[in-house]
Amino acid sequence: MTDHADHSHLSDTELRVRALESLLADKGLVDPAALDAIVDTYENKVGPRNGARVVARAWIDPEFKQWLLRDGTAAIDSLGYTSTQGADIVVLENTPAVHNLTVCTLCSCYPWAVLGLPPAWYKSFPYRSRAVRDPRGVLREFGQDIGDDVEVRVWDSTAEVRYLVLPERPPGTAGLAEDELAELVTRNSMIGTDRLSEVKKNQ
Ligand code: FE
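Each residue of the sequence shown is one higher than the one before, counting from 1 in the working numbering.
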């Protein structure tokens, strides 16, 4: 109950926002399509770019990476991405032997400071339940076939602790600058439903 208490507020807020949105749309004062575009921006572009810069820094700066893995909250704060949720951020390193997947089984706890707003599927009941029961099946649906030799670890977020996955640096990126590396980091790779096994354009 207390772990996810902030989400009772969120649901309440969401309801109020929806009521306001309908009212404003009915009166012709806002365009729902424009609102959708704004939400999409924060869900997919602005928010996750913070996390991508954290990941790129960790890839090029071994000392920063060690700090990030030891005290994610402080290391992330040092780049200016301060959590306003009062939650700690724990960073989970993917390796050839370990793949990390994050979920919030009770609601939708998510590291807003580095990833922005959670995508709708993250909040959905099927993801929340199946990520724990059948993580490899879920990963397969995201196009990730995780070999039996790789351990899959599932981390359940709470109001106090949110998780950020540090994906493996893709091969063939040795010559790239930090900004270029950040462009390769997808939102889903930091949730754990994607792997950056090859260089591809940001989704
Ligand atoms: Fe939650």
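Cβ coordinates follow ideal geometry from the N, Cα and C atoms, glycine included. Since the structure is predicted, the reported quantities are computational estimates derived from the model, not experimental observations.
Which stretch, first to last residue, makes up the beta strand (DSSP E) that contains ASN50?
Element bounds for ASN50: not the beta strand (DSSP E) but the alpha helix (DSSP H), 47-60.
Regarding SER157 and ligand 1, is the C-beta to nearest heavy atom distance less than 7 Å?
At least one heavy atom of ligand 1 is nearer than 7 Å to the Cβ of SER157, so yes.
Taking the runs of the beta strand (DSSP E) that are 3 residues or longer, which of them lie wholly in the stretch 110-174?
Taking 3 residues as the shortest admissible run, the stretch 110-174 contains the following complete beta strand (DSSP E) segments, listed from N- to C-terminal end: 151-156 and 161-166.
LEU106 vs TRP155 beta-carbon contact at 8 Å
No. Outside cutoff.
Beta-ladder partner(s) of GLU93, from DSSP:
According to DSSP, which records beta bridges pairwise, GLU93 is partnered with LEU166.
Just tell me which of ARG53, THR193, LEU181 and ASP179 has its CA closest to the CA of PRO76.
The residue asked about is misnamed: residue 76 is Ile in this sequence, not Pro. Just measuring C-alpha positions, the residue of ARG53, THR193, LEU181 and ASP179 sitting nearest ILE76 is ARG53.
Where do the ends of the beta strand (DSSP E) carrying THR102 lie?
98-103 is the extent of the beta strand (DSSP E) around THR102.
Specify whether the stretch 169-185 and the stretch 50-66 touch according to this definition: at least 3 beta carbon pairs, one from each stretch, less than 8 Å apart.
Counting Cβ pairs under 8 Å, three or more are found: they touch.
Outcome for ASP194 when other beta-carbon atoms lying within 10 angstroms are tallied against a minimum of 16
Under this definition ASP194 is a buried residue.
Count the CB pairs spanning the stretch 18-26 and the stretch 138-158 that are closer than 8 Å, and state whether there are at least three.
No, the stretch 18-26 does not touch the stretch 138-158.
Closest Cα partner of VAL132 within the set SER157, PRO119 and ASP145:
Per the C-alpha coordinates, the member of SER157, PRO119 and ASP145 positioned closest to VAL132 is SER157.
Segment limits, alpha helix (DSSP H) that includes ARG187:
Residues 187-191.
Just list the residues that DSSP pairs ASP235 with in beta bridges.
Lying before the first or after the last residue shown, residue 235 is absent from the chain, which here runs from 1 to 203.
Is the beta carbon of LEU106 within less than 7 Å of some heavy atom of ligand 1?
Yes, ligand 1 has a heavy atom inside 7 Å of this Cβ.
Which residues in the same chain as THR2 place their Cβ atom closer than 8 Å to its Cβ, once the five residues preceding and following it in sequence are excluded?
Only weak support is given to the placement of THR2: the predicted model assigns it a pLDDT of 46, under 50, and the question is left unresolved by the model.
Proximity winner among ALA120, PRO111 and VAL161, relative to PRO48 (alpha-carbon distances):
Nearest neighbour of PRO48 by Cα position, chosen from ALA120, PRO111 and VAL161, turns out to be PRO111.
Do you know offhand how far ILE191's Cα is from VAL30's?
Approximately 32 Å, taken between the alpha carbons.
Reducing DSSP to helix, strand and coil, say where THR2 ends up.
Since pLDDT at THR2 reaches only 46, below the 50 mark, its modelled position is unreliable, and the value read off the structure follows with that caveat. In this structure, THR2 counts as coil in the three-state DSSP scheme.
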